[in-house]
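In my numbering, the protein residues as written are 8 to 180. Written below as structure tokens is the structure these notes are about.
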């Protein structure tokens, strides 16, 4: 009887933990999008007020940013620093594809970042600022939607994990 109780508690605990972990991905995405917004704001400020070359600028902003978005900026700067003939858009695409694998970005978030990379570095300061602001508006829209999804989903998945654990225990014992 004690063994059944211990096994039941382990099953319920594990399934609850899985629900909590999945629910936290919604929270992490919201935080990440907020950080992307602040990083794009820093990038815009640096472009407007400094004449720093783009690789140095990306590296500088990347070091100030959260790890997930900072890695993308620093990887782009690294690819450009190798001087292998990559255009900025190619270097950005490679960095986004490589670094976004380990993040909670959705495909739509990645598409916004890829579109931004196609416009940076090929026009004057004014146009680059316009493109950054456009990307910021799209990210902001995704951020607001992620808050709505987070509010709905976090509680749902936490409770679902617990209830699945109880269901498994009831079915098997």
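Note that the Cβ used here is the ideal one computed from N, Cα and C, for glycine as well.
Around the beta carbon of residue 144, fewer than 16 other beta carbons sit within 10 angstroms, so the residue counts as exposed. With fewer than three CB-CB distances shorter than 8 angstroms, the region 155-166 does not count as touching the region 127-147.
Contact holds between the region 39-58 and the region 69-85, because three or more Cβ pairs, one in each stretch, are under 8 angstroms apart.
For residue 127 against residue 103, the beta-carbon gap comes to about 12 angstroms, at or over 8 angstroms, which does not count as contact.
Counting every other CB atom within 10 Å of its CB across the protein chains shown gives residue 58 a total below 16, marking it as exposed. The count of Cβ pairs closer than 8 angstroms, one atom from the region 10-26 and one from the region 46-53, stays below three, leaving the stretches out of contact. Nearest Cα to residue 148 within the set 17, 70, 81, 37: 37.
Scanning 30, 14, 16, 18 for the CA closest to the CA of residue 157 turns up 30. Taking a contact as a CB-CB distance under 8 angstroms, the pair residue 124 and residue 100 counts as one, their CB atoms being some 6 angstroms apart.
Cβ contact annotation for residue 11 (same chain, cutoff 6 angstroms, sequence separation greater than five): 180, in chain order. Cβ neighbours of residue 129 within its own chain (closer than 8 angstroms, five residues either side excluded): 95, 96.
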